[in-house]
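Residues 1 to 426 in the UniProt record's numbering are what the sequence shown spells out, letter by letter. The block underneath contains the structure these notes are about, expressed in structure tokens.
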Amino acid sequence: MPRRLAFFSPFHSLRMKKYKLSPPPPSPPETFPFLKLPHFPLKYVINQMDFVDVIHLTMKYKRFKRAVESAKFHVDQLHFHPGKWFKDIVITHQGQDLEIAAVYREGGFRFTGLKLNGVDASICYQGSFGIKVFAESEEAKMDVLDKITQHLVRILRVQKFTARFNVKYDYENLFIWKYTRKLEKILIEPLGESEIVVSPEELHFLLEDIKIDEPELDLNVENGYKYRKYPFHGSKIHIHNNDWIDWDKLKIGPDCIIFTFRQKMYRNGNFWIPNTCGNRLLKEWIAGKNDKLEEMTFQVKELFEGPDSNEDLLEGITTTVNTLSEKQLDKRQVWRHGLRVPIIDIKRSTDGRLATISRWKWWVYMYVWHPKHIDELKDVVEAVVEDVVEDVVEDETDEEMEEEEEEEVEDEMENEAEEEEEEELE
1 MPRRLAFFSP
11 FHSLRMKKYK
21 LSPPPPSPPE
31 TFPFLKLPHF
41 PLKYVINQMD
51 FVDVIHLTMK
61 YKRFKRAVES
71 AKFHVDQLHF
81 HPGKWFKDIV
91 ITHQGQDLEI
101 AAVYREGGFR
111 FTGLKLNGVD
121 ASICYQGSFG
131 IKVFAESEEA
141 KMDVLDKITQ
151 HLVRILRVQK
161 FTARFNVKYD
171 YENLFIWKYT
181 RKLEKILIEP
191 LGESEIVVSP
201 EELHFLLEDI
211 KIDEPELDLN
221 VENGYKYRKY
231 PFHGSKIHIH
241 NNDWIDWDKL
251 KIGPDCIIFT
261 FRQKMYRNGN
271 FWIPNTCGNR
281 LLKEWIAGKN
291 DKLEEMTFQV
301 KELFEGPDSN
311 EDLLEGITTT
321 VNTLSEKQLD
331 KRQVWRHGLR
341 VPIIDIKRST
351 DGRLATISRW
361 KWWVYMYVWH
371 PKHIDELKDV
381 VEAVVEDVVE
391 DVVEDETDEE
401 MEEEEEEEVE
411 DEMENEAEEE
421 EEEELE
């Protein structure tokens with residue numbers, strides 16, 4: 001008996017394509033042949049991988065973790081943020097962030113085979129959305145953050161560390177100092193209308209024992225303590241509460257680029273500095289100190305309501321009227337709106353460098369003109385010149401048109417006169 005052939009619909013393949021599921025995304029390999037490479041090629045290959053995958057795989061495979069510990073994966077920044085409710089670390093690499101948080105939840109979280117420092121841990125991996133490591137209690141979250149940091153510094157080469165605190169901690173005994181005593185930036189600012197009050201010892205520890213390039217501090221010190229060890233060190237210094245400053249001794253360090261006493265929105269506290277102190281800081285710059293300084297901002301007690309306001313701020317300082325155009329001032333973002341006193345310039349006696357001072361309400365803004373800032377004005381100057389040329393051309397064009405109109409009127413008058421003469425002769 002002949003074998004019956006199967007019948008295939010011509011639309012069968014179309015139906016299969018319609019309902020066929022898309023293949024799952026490829027999972028990371030469980031074997032790593034490239035780990036047999038010599039050190040430098042291995043280091044190169046690892047640093048070409050996605051950094052989220054690298055961190056995840058070091059939690060999953062012991063052999064891969066050992067290789068990364070040897071090669072080190074380079075990242076731009078490690079940021080500590082032990083907040084009041086959330087405690088996390090953020091790793092930044094080539095503009096991409098990965099948040100690893102220490103969290104607590106009743107009942108915990110199941111073990112998923114992931115490890116911290118080779119020890120099983122309750123970890124929820126969410127890809128680029130972050131990683132959560134579960135603590136046994138709220139109090140244990142800082143310990144978990146410590147373990148996360150320990151795991152990361154073993155596999156990463158971090159270019160810079162930063163930290164932010166919005167609640168009070170025992171700053172002298174933080175786990176962070178086990179891994180680094182150098183921070184690119186530290187921000188201490190309380191939540192809402194609360195305060196962060198530190199002891200004199202903690203203040204000295206933060207300003208002297210830890211090297212901080214960009215300190216930003218909004219804090220109070222116990223018992224009205226005045227800090228007396230100056231100058232302030234750092235490239236960008238921002239102070240938001242001045243109660244602990246000794247105004248007679250305050251000095252700005254030689255590496256400072258931006259120095260600011262700035263009031264935080266809706267914050268209480270002392271934000272103004274005495275005019276005598278502001279006068280001294282300006283005179284020190286004129287005398288040749290703070291060569292790297294580009295901007296200085298502070299607040300005085302009395303309003304600038306007219307030319308006679310806060311006269312002692314500029315006592316003994318020679319000033320000149322600023323001659324830059326509005327476009328040039330805007331290019332440097334010099335404050336020039338709502339002013340009741342003119343914008344002025346001061347000059348250093350050592351190298352002739354200029355600084356522009358703008359005064360608005362209680363604020364004093366000082367902008368120093370380094371060569372790079374003057375170079376940035378070239379385009380603005382050219383634009384101004386072009387505008388002037390256009391105005392001149394327009395004026396010349398207007399004059400030419402007026403002359404042509406006058407000539408036309410004269411011609412018409414001559415023609416009319418000739419016609420009248422001809423009529424009279426007739």
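For each residue, glycine too, the CB sits at the ideal point set by N, CA and C.
Whole-Å CB distance - residue i paired with residue j, under 8 Å assumed
i    : j    : result
E214 : K236 : 4 Å
S358 : V334 : 6 Å
R308 : N279 : The amino acid occupying residue 308 in the given sequence is Asp; Arg does not appear at that position. Not a contact, Cβ separation roughly 16 Å.
E195 : N220 : 6 Å
F134 : F109 : 4 Å
R332 : H370 : The pair is not a contact, with the Cβ atoms about 11 Å apart (cut-off 8 Å).
P190 : E222 : At roughly 15 Å, the Cβ-Cβ gap does not stay under 8 Å, so P190 and E222 are not in contact.
H233 : R262 : No, H233 and R262 are not in contact; Cβ-Cβ is about 19 Å, not under 8 Å.
N310 : I343 : Contact flag wrong, Cβ pair sits at about 15 Å.
L116 : A71  : About 20 Å separates the two Cβ atoms, so there is no contact after all.
I273 : W247 : 6 Å
K292 : P254 : 7 Å
V68  : V45  : Wrong, their Cβ atoms sit about 11 Å apart, outside the cutoff.
N290 : F271 : The pair is not a contact, with the Cβ atoms about 22 Å apart (cut-off 8 Å).
Same chain, Cβ closer than 6 Å to residue i, neighbours up to 5 away in sequence not counted
i    : result
T350 : G288
V153 : Y179
V251 : In the sequence under discussion, the amino acid at residue 251 is Lys, which differs from the Val named in the question. Y230 and P231, listed in sequence order.
K347 : L354
E184 : K160, T162 and D213
E216 : L187 and H238
I245 : none
F165 : I188
I258 : K236 and E295
L98  : V52 and I91
L324 : none
K87  : A102, K141 and L145
7 Å Cβ shell around residue i - same chain, five flanking residues per side excluded
i    : result
L114 : M59, K60, A121, I123 and Y125
S9   : For S9, the predicted structure reports a pLDDT of 47, less than 50, and the residue's modelled location is therefore unreliable. A value from the coordinates is still provided. Excluding sequence neighbours, S9 sits near nothing in its chain.
G138 : As written in the sequence, residue 138 is Glu, which differs from the Gly given in the question. Only Y104 meet the Cβ criterion.
G338 : W360
F111 : D120 and S122
H151 : L116 and N117
E202 : Y171 and E172
Bridge-paired residues (DSSP) for residue i
i    : result
D345 : T320 and T356
L98  : I91
W369 : Answer is none; W369 lacks a bridge partner.
A135 : Y104
L116 : V119
H81  : D88
E295 : I258 and Y367
Y125 : I131
V75  : V158
F64  : According to DSSP, which records beta bridges pairwise, F64 is partnered with nothing at all.
F232 : I252
Proximal residues to residue i (C-beta, below 8 Å), its chain only, five neighbours per side dropped
i    : result
R63  : F32 and L35
V75  : F51, I91, T92, H93, L156, R157, V158 and Q159
L305 : Residue identity differs from the one stated: residue 305 is Glu in this sequence, not Leu. The answer, listed in chain order, is R340.
L21  : Model confidence at L21 stands at a pLDDT of 49, short of 50, so the residue's coordinates are unreliable; what they give is reported in the following sentence. There are no such residues.
T318 : I346 and K347
K249 : R228 and Y230
E326 : R336
Any chain C beta carbon closer than 9 Å to residue i
i    : result
I245 : In summary, chain C is missing from the structure at hand, where a single protein chain is found.
Item checked: Sufficient close CB pairs (3 or more, under 8 Å) joining the segment 158-175 to the segment 66-84 -> A contact between stretches requires three or more CB pairs, one per stretch, nearer than 8 Å, and the segment 158-175 meets this requirement with the segment 66-84.
Item checked: Ordered list of beta strand (DSSP E) runs contained in the segment 148-228, each at least 3 residues -> Secondary structure in the segment 148-228: the beta strand (DSSP E) runs of 3 residues or longer, each lying completely within the stretch, are 156-165, 182-188 and 211-217 in chain order.
Notebook entry, point to check: Do the segment 296-303 and the segment 364-378 touch if we need at least three Cβ pairs shorter than 8 Å?
Noted result: Segments in contact, yes.
Notebook entry, point to check: In chain order, which beta strand (DSSP E) runs of at least 3 residues are fully inside the segment 237-281?
Noted result: The DSSP assignment places 258-261 as complete runs of the beta strand (DSSP E) inside the segment 237-281, in order along the chain (cut-off: 3 residues).
Next item on the list: Examine the Cβ distances between the segment 139-150 and the segment 97-111 and report whether three or more of them are shorter than 8 Å.
Entry: Segments in contact, yes.
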